[in-house]
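Undergrad:
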Amino acid sequence: MTKNDKTTRRRSSRRKDRNEADTMARAKAWAKSWLDAALWAAIAAIIIRTFFFEAYRIPTPSMEQTLLTGDFLIVSKMNYGPRTPMTIALPFTSIHVPGVTLPWFRIPGFQDIKRNDIVVFNYPVDAKPISQKTNYIKRAVGMPGDELEIREKVLYINGEPAEVMETYEQLYTVTTRERIRLNDSKVRLAGGMLLGSESPGTFVVNMTGAVREEIQSWDEVVSVEPRMRPDSAQDYIRSNFTFRRGMDGNHDHLPAFVIPYKGMELELSDETWAVYRDVVERHERNEVQRTPDGFVINGQPALTYTVQKDYYFMMGDNRDNSEDSRHWGFVPDDHVIGKPAIVYFSWNHETNLPRFSRLLSLIH
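Residue numbers (the numbering used here): 13 to 376.
(1) Can you list, in chain order, the residues of its chain whose CB lies under 6 Å from that of residue 159, leaving out five sequence neighbours each side?
(2) Count Cβ pairs between the segment 322-330 and the segment 339-355 that sit closer than 8 Å; are there 3 or more?
(3) Quick one: grab the DSSP three-state call for residue 133.
(4) Alpha carbon to alpha carbon, how far is residue 97 from residue 89? Give it in angstroms, no decimals.
(5) Less than 6 Å between C-beta atoms, sequence neighbours within five positions excluded: which residues of the same chain meet that for residue 4?
(6) Kindly indicate which three-state DSSP category residue 63 falls into: helix, strand or coil?
(7) Taking only runs of the beta strand (DSSP E) that begin and end inside the segment 292-343, which ones reach a length of at least 3 residues, in chain order?
(8) Which residue comes first and which comes last in the alpha helix (DSSP H) that contains residue 228?
(9) Quick check: the segment 78-95 against the segment 350-360, are there 3 or more CB pairs under 8 Å?
(10) Could you check which residue in 53, 214, 37, 129 has the C-alpha nearest to that of residue 353?
(11) Could you spell out the range, first to last residue, of the beta strand (DSSP E) harbouring residue 288?
(12) Taking the alpha carbon of residue 153 as the reference point, which residue from 222, 172, 227, 38 has its own alpha carbon closest?
(13) On the DSSP bridge list, what partners appear for residue 205?
(14) Among the candidates 272, 306, 312, whose CA atom is the shortest distance from the CA of residue 319?
(15) For residue 174, count neighbouring C-beta atoms within 10 Å of its own C-beta (all shown protein chains included) and say buried if the count is 16 or more, exposed if not.
(16) Of the choices 60, 295, 208, 198, whose alpha-carbon is the least far from that of residue 137?
(17) Comparing C-alpha positions only, which one of 349, 373, 372, 356 sits nearest to residue 135?
(18) Name, in chain order, the residues that DSSP records as bridge partners for residue 352.
(19) Please report how far the alpha carbon of residue 190 lies from the alpha carbon of residue 162, in whole angstroms.
(20) Taking the alpha-carbon positions, what's the residue 35 to residue 43 distance?
(21) Grouping DSSP H, G and I as helix and E and B as strand, with all else coil, what is residue 368?
(22) Among residues of its own chain, excluding the 5 on either side of residue 186, which ones have a beta-carbon nearer than 7 Å to its beta-carbon?
(23) Could you compute how far the alpha carbon of residue 210 sits from the alpha carbon of residue 184?
(24) In the DSSP assignment, the beta strand (DSSP E) including residue 5 goes from what residue to what residue?
(25) Taking three-plus beta-carbon pairs below 8 Å as touching, is the segment 119-129 in contact with the segment 93-110?
(26) Where residue 64 and residue 56 are concerned, what is the direct C-alpha to C-alpha distance, given to the nearest angstrom?
(27) Specify the secondary structure class of residue 58 as computed by DSSP and reduced to three states.
(28) Compare the beta carbon distance of residue 204 and residue 219 with 7 Å and say whether it is the shorter of the two.
(29) Going straight from the alpha carbon of residue 372 to that of residue 316, what length do you get?
(30) For residue 132 versus residue 147, is the C-beta distance shorter than 7 Å?
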């Protein structure tokens, strides 16, 4: 091999090494740029989800016909104000450091909750830290300080019948002439859902008030009446009212009570304790003992208790198919997550097709 050949080979080897080094440098730069982009995207997503918007899916029919099972929503946290983080948690999961809670506050929003707003909140009787509790969505029918009562399935607020939304559904008993069978397809076409027959000529239908009026006009129909537990249950309810017992299974009649508000002075008695026990013990974290002489709160005898938070009474629009405040009581203001704004997608599990008519629809 000549001297020139050796020189040429060394130059070629150096060029190859430089090319490989350049390739590695470009690959590292490309990987770093993608990692940086992914990191900043994750940070942006966490900030957006924490302080601005969060996606939510409707899992049950409790808000029909306003919101349908399979609706996918964008929930605004800016309306009522976002909460700063309450726990140390892995983003986008329910994994959190147990036993550790952070001092937090609510950043002011641009509106307060109004009566009949649809609200996303944390399930109040869950044992987890507040922000890790299951998300629920219902309508705020009762505001802090309201007197609320239900008589024969009719909701009363401060002594007046509450507004009835067009989308409210409930169960009715439909009676037909000469035991004529109610046509399922006809009921569905009208907008109702035939759930079954109690006896010949008597049928159970879940529907809105407008659908009730239409079915009532059918020639084969004699009557359409709301289904409810008998009034005889009232005597039991008035003396033993408690959310924890679920009103003995009767939510068609609730005796009048005041929804607690910050600064409310509770006179402690057997009657008030049945209604407000969760407020004092669970949500405001007091240790309470009952003695023959009365109540002892945090080691001090007490005749009254001053409420520290505002509370709301939430109900589903599908009144007979909703687990809500009638079952588990009041929702504290620190459990409020946000206000649903828009349905960005909807999937019909019965037909396995999208509901195109609901895409990008506003929520009221």
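Backbone N, C-alpha and C define an ideal beta-carbon position, used for all residues, glycine too.
TA: By the coordinates alone:
(1) 170, 268, 270
(2) yes
(3) strand
(4) 13 Å
(5) It is not possible to answer for residue 4, since the shown part of the chain is limited to 13 through 376.
(6) helix
(7) 300-303, 306-309, 312-314, 316-318, 323-327
(8) 221-228
(9) yes
(10) 129
(11) It is not in any beta strand (DSSP E) - residue 288 instead sits in the alpha helix (DSSP H) that spans 282-290.
(12) 172
(13) 218
(14) 272
(15) buried
(16) 295
(17) 349
(18) 87
(19) 34 Å
(20) 12 Å
(21) helix
(22) 194, 215, 217, 227, 233, 236
(23) 12 Å
(24) Because the chain here runs from 13 to 376, residue 5 falls outside it and cannot be looked at.
(25) yes
(26) 11 Å
(27) helix
(28) yes
(29) 50 Å
(30) yes
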